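Chains A and B supply the protein sequences, listed in that same order.
57 is the number of the first residue of the first sequence in my numbering; add one for each residue after it.
15 is the number of the first residue of the second sequence in my numbering; add one for each residue after it.
Right, one structure below, let's go through it.
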Amino acid sequence: MPTRSVTVGATSGLHARPAALFVAAAAAQSVPVTIRTSDKPPVPARSLLSVLALGAKHGAEVTLEADGPTADAALDALATLLARDLDSDDESPDHG
Amino acid sequence: MAELLRGIGVSPGSAAGPAYRMSPPPPPPEPAVVVDPDAEVERAVAALNTVAADLTRRAEGVAARAAADVLRAQAMMAQDPELSAAVVAEVRAGASAPVAVDRALAVHREAFLAAGGYLAERVTDLNDIRDRVVAACLGLPPPGIPDPGHPFVLIARDLAPADTAGLDPEQVLALVTEDGGPTSHTAILARAAGLPAVVRCPSAMAVADGVEVTVDGSTGQVAVGVNHDTVIATRVSEQRRRRRLATTRGPGQTADGHPVALYGNIGSAEDVDGELEGVGLFRTELLYLHRTDPPGRDEQVAAYAEVFTALPGRRVIVRTLDAGADKPLPFLTAGVEPNPALGVRGLRLARRRADVLHLQLGAIAQAARDTAAEVWVMAPMVATVAEAAWFAAACRDAGLPTAGAMVEVPAAALRARSLLSVVDFLSIGTNDLSQYTFAADRQCGDLADLLDPAQPALLELISGCAAAGAAAGKPVGVCGEAAADPRIAPVLVGLGVTSLSMAPRAVPEVREALAAHTLADCRRLAAEALWAAGAAPLTVP
Numbered sequence: 057m058p059t060r061s062v063t064v065g066a067t068s069g070l071h072a073r074p075a076a077l078f079v080a081a082a083a084a085q086s087v088p089v090t091i092r093t094s095d096k097p098p099v100p101a102r103s104l105l106s107v108l109a110l111g112a113k114h115g116a117e118v119t120l121e122a123d124g125p126t127a128d129a130a131l132d133a134l135a136t137l138l139a140r141d142l143d144s145d146d147e148s149p150d151h152g
Numbered sequence: 015m016a017e018l019l020r021g022i023g024v025s026p027g028s029a030a031g032p033a034y035r036m037s038p039p040p041p042p043p044e045p046a047v048v049v050d051p052d053a054e055v056e057r058a059v060a061a062l063n064t065v066a067a068d069l070t071r072r073a074e075g076v077a078a079r080a081a082a083d084v085l086r087a088q089a090m091m092a093q094d095p096e097l098s099a100a101v102v103a104e105v106r107a108g109a110s111a112p113v114a115v116d117r118a119l120a121v122h123r124e125a126f127l128a129a130g131g132y133l134a135e136r137v138t139d140l141n142d143i144r145d146r147v148v149a150a151c152l153g154l155p156p157p158g159i160p161d162p163g164h165p166f167v168l169i170a171r172d173l174a175p176a177d178t179a180g181l182d183p184e185q186v187l188a189l190v191t192e193d194g195g196p197t198s199h200t201a202i203l204a205r206a207a208g209l210p211a212v213v214r215c216p217s218a219m220a221v222a223d224g225v226e227v228t229v230d231g232s233t234g235q236v237a238v239g240v241n242h243d244t245v246i247a248t249r250v251s252e253q254r255r256r257r258r259l260a261t262t263r264g265p266g267q268t269a270d271g272h273p274v275a276l277y278g279n280i281g282s283a284e285d286v287d288g289e290l291e292g293v294g295l296f297r298t299e300l301l302y303l304h305r306t307d308p309p310g311r312d313e314q315v316a317a318y319a320e321v322f323t324a325l326p327g328r329r330v331i332v333r334t335l336d337a338g339a340d341k342p343l344p345f346l347t348a349g350v351e352p353n354p355a356l357g358v359r360g361l362r363l364a365r366r367r368a369d370v371l372h373l374q375l376g377a378i379a380q381a382a383r384d385t386a387a388e389v390w391v392m393a394p395m396v397a398t399v400a401e402a403a404w405f406a407a408a409c410r411d412a413g414l415p416t417a418g419a420m421v422e423v424p425a426a427a428l429r430a431r432s433l434l435s436v437v438d439f440l441s442i443g444t445n446d447l448s449q450y451t452f453a454a455d456r457q458c459g460d461l462a463d464l465l466d467p468a469q470p471a472l473l474e475l476i477s478g479c480a481a482a483g484a485a486a487g488k489p490v491g492v493c494g495e496a497a498a499d500p501r502i503a504p505v506l507v508g509l510g511v512t513s514l515s516m517a518p519r520a521v522p523e524v525r526e527a528l529a530a531h532t533l534a535d536c537r538r539l540a541a542e543a544l545w546a547a548g549a550a551p552l553t554v555p
């Protein structure tokens with residue numbers, strides 16, 4: 057199954073706004089994606105409550121996993137998003 | 015035809031607009047037998063969707079990005095596919111929709127609490143979602159301060175400090191409560207914010223959301239179902255009133271020039287208004303709250319100096335720490351008292367920890383030396399002349415020459431003359447003096463009439479203090495909510511009170527009320543009030 061490992065780029069970690077942006081992006085993918093940290097089992101990436109509970113901090117490594125024909129494209133898009141500093145990201149769709 | 019409700023006006027001014035009620039959180043969900051699981055699933059899913067939609071709509075109406083982000087995140091939580099799956103599973107296992115929501119969110123609450131830190135703080139958001147979804151399941155309005163997206167008149171059973179912290183003064187036009195009284199949190203908050211307010215208004219919670227009302231915070235009248243012309247006319251006259259008040263300036267005095275100092279009640283330098291004649295009550299509790307040890311000397315000196323610096327050459331009366339009763343502090347108020355209002359509070363805490371008071375007096379004295387304000391200090395909850403004498407000696411030892419006693423206990427009022435032989439001034443805290451004179455809890459709305467500052471027994475105690483002050487040639491002020499009441503202010507002046515201290519925003523209204531009366535008028539009003547059978551309605555022409 058395709059996977060991507062990526063370091064959380066958001067300064068505040070995968071919390072608050074960065075988590076919401078990530079979950080919204082995951083929900084927009086056509087395949088279900090899971091996310092896990094080194095110490096916690098995978099959770100659905102489209103569940104904000106579950107993603108928050110991972111408590112992934114800035115610099116933590118997370119692993120994304122998906123299956124299906126568009127899995128690679130979905131994982132690439134989400135991995136790119138996660139690597140960015142979403143706290144200072146002002147070009148998000150709901151701002152401006 | 016508009017329906018007229020009558021309560022007690024506690025913060026002057028009028029307002030007009032649609033009424034919205036603050037709803038209490040729904041009752042904790044009780045297990046119930048589910049007859050139709052499909053319908054129950056539908057009810058739960060519909061409630062989740064309603065709450066998500068409501069939160070999204072509110073997020074769109076909020077300008078501040080941080081606040082909008084929180085609302086948007088909450089909306090996403092309500093729509094969380096894992097949450098709805100868990101809720102559906104609970105219902106399929108036999109739970110009712112409210113119970114299912116409660117259980118499903120409890121799992122996430124546990125996870126957040128276990129993670130600690132940032133996530134533990136977000137538990138409040140989860141609880142809020144639970145209350146909202148459960149309320150939606152039960153067909154109840156969303157709990158908490160309403161947010162219709164436009165200015166409104168807030169109607170509540172009563173308001174606690176936690177509720178009022180979230181009030182947006184841009185959105186709330188006036189406050190109307192069914193409970194509460196003239197000294198309740200609602201009254202104090204409204205005066206501080208300059209919002210018209212009516213308390214003890216029966217049937218207020220029966221007003222349907224969105225109905226246009228007018229509120230008169232002076233007369234206590236609330237007209238329900240008014241027409242558009244009335245709304246406009248009320249707003250125009252209120253604007254005119256505010257403009258007129260904004261032009262009043264200068265020290266307080268009666269129409270014939272008898273000076274009455276109008277001071278502000280403040281909690282920190284933030285509350286200081288440059289126009290103030292002085293400060294009649296600087297509450298120092300703020301520094302001590304939420305701590306396990308008393309603040310150190312340097313921190314205290316800095317906080318006091320900040321206030322004194324803002325008022326050069328003006329009088330600042332500092333009240334020493336007033337903890338206990340409704341303001342417990344872990345390092346002082348040890349143990350549970352069966353009746354904290356009658357327990358070890360105010361100056362009485364020095365019986366247990368005199369060091370805390372000596373440290374505070376030393377810090378006040380230092381800050382006074384470093385700045386140009388005229389600093390006086392006073393002790394709360396003085397009951398005997400011996401206590402006052404002890405306090406005055408402690409002040410002088412610390413280098414503070416002007417020491418006073420607050421009169422909040424009838425015992426102190428009855429001994430005003432003797433008190434003034436050991437202290438330099440008296441300041442009457444009418445909120446507590448009412449409570450202790452009438453044996454009526456300040457928070458007990460059912461007894462609000464007993465707490466009316468026009469009660470003759472209260473006025474008689476004030477009168478005795480003022481007479482003792484006149485005989486001794488020493489100032490006697492009032493710093494309770496009565497001082498901020500434009501109906502009562504002329505009466506207090508007529509009784510011989512020399513200064514009135516109130517929320518800074520209340521000053522213009524009181525200044526205007528005094529300017530409308532000569533000293534002889536005030537004395538006549540005072541005599542009438544003292545002879546009245548009960549709390550007679552007094553009107554300011």
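For glycine and all other residues, C-beta sits at the position ideal for the given N, C-alpha and C.
These numbers come from a predicted model, not from an experiment.
- Every alpha helix (DSSP H) of 4 residues or more that sits fully in the stretch 177–216 of chain B is shown, in chain order, as 199–207.
- Residue pairing from DSSP places residue 235 of chain B in a beta bridge opposite B:20, B:230.
- As DSSP reads the structure, residue 78 of chain A sits in no beta bridge.
- Taking 9 Å as the threshold, the shortest C-beta distance from residue 144 of chain A to chain B does not fall below it.
- Listed by position along chain A, the residues whose Cβ is nearer than 8 Å to that of residue 83 of chain B are 72, 73, 76.
- Residue-level contact by beta carbon holds for residue 129 of chain B and chain A, with a gap shorter than 9 Å.
- Distance between residue 538 of chain B and residue 508 of chain B, taken at the CA atoms: about 7 Å.
- In this structure, the beta-carbon distance from residue 287 of chain B to residue 43 of chain B does not fall below 9 Å.
- Between residue 465 of chain B and residue 279 of chain B, the alpha-carbon positions lie close to 20 Å from each other.
- When the beta-carbon positions are compared, residue 86 of chain A and residue 94 of chain B stay at least 9 Å from each other.
- Across the stretch 88–108 of chain A, CB contacts with chain B closer than 7 Å involve 100, 102, 103, 104, 105, 106, 108, in sequence order along the chain.
- With contacts defined by Cβ atoms closer than 9 Å, residue 256 of chain B and residue 290 of chain B do not form a contacting pair.
- At least one C-beta of chain A is nearer than 9 Å to the C-beta of residue 94 of chain B.
- Remark: C-beta atoms of residue 108 of chain B and residue 167 of chain B do not approach each other more closely than 9 Å.
- Of the candidates B:262, B:243, B:346, B:346 places its Cα closest to the Cα of residue 306 of chain B.
- DSSP assignment within the stretch 413–443 of chain B yields the following whole beta strand (DSSP E) runs of 3 residues or more, N-terminal first: 417–421, 439–442.
- The Cβ atoms of residue 297 of chain B and residue 377 of chain B lie no closer than 9 Å to each other.
- DSSP places residue 144 of chain A outside any beta strand (DSSP E), giving it a letter other than H or E.
- Taking C-beta atoms as the reference points, residue 29 of chain B and residue 231 of chain B count as a pair closer than 9 Å.
- Identification of chain A residues near residue 125 of chain B by a Cβ-Cβ cut-off of 7 Å yields 109, ordered along the chain.
- Counted as a single uninterrupted DSSP element, the stretch harbouring residue 28 of chain B is not any alpha helix (DSSP H) but the beta strand (DSSP E) occupying residues 28–35.
- Within the same chain, 97, 100, 101, 104 come within 7 Å of residue 118 of chain B by CB-CB distance, once the 5 residues on both sides are set aside.
- Among the residues facing chain A, residue 144 of chain B is not included, as its CB has no counterpart in that chain under 9 Å away.
- The three-state secondary structure of residue 122 of chain A, taken from DSSP, is strand.
- Under a 10 Å Cβ-count criterion, residue 545 of chain B is classified as exposed, with fewer than 16 other Cβ atoms of the shown protein chains found around its own Cβ.
- With contact defined as three or more Cβ pairs closer than 8 Å, the stretch 23–42 of chain B and the stretch 79–97 of chain A are not in contact.
- Non-local C-beta neighbours of residue 18 of chain B in its own chain, meaning closer than 7 Å and more than five positions away in sequence, comprise 235, 237, ordered along the chain.
- Neighbourhood of residue 79 of chain A in chain B, by CB distance below 8 Å: 90, in chain order.
- If you look at residue 492 of chain B, you'll find it in the beta strand (DSSP E) that goes 490–492.
- In the three-state scheme derived from DSSP, where H, G and I count as helix and E and B as strand, residue 90 of chain B is classed as helix.
- Residue 122 of chain A has its alpha-carbon roughly 55 Å from the corresponding atom of residue 309 of chain B.
- Around the beta-carbon of residue 445 of chain B, 16 or more other beta-carbon atoms lie within 10 Å, marking it buried.
- Excluding the 5 residues flanking it on each side, residue 39 of chain B has same chain C-beta neighbours closer than 7 Å at 145, 157, in chain order.
- Per DSSP, reduced to three states, the secondary structure at residue 514 of chain B is strand.
- Under the 10 Å beta carbon count, residue 334 of chain B is surrounded by 16 or more other beta carbons and is classified as buried.
- Ranked by Cα distance from residue 418 of chain B, the options B:409, B:440, B:430, B:127 are led by B:440.
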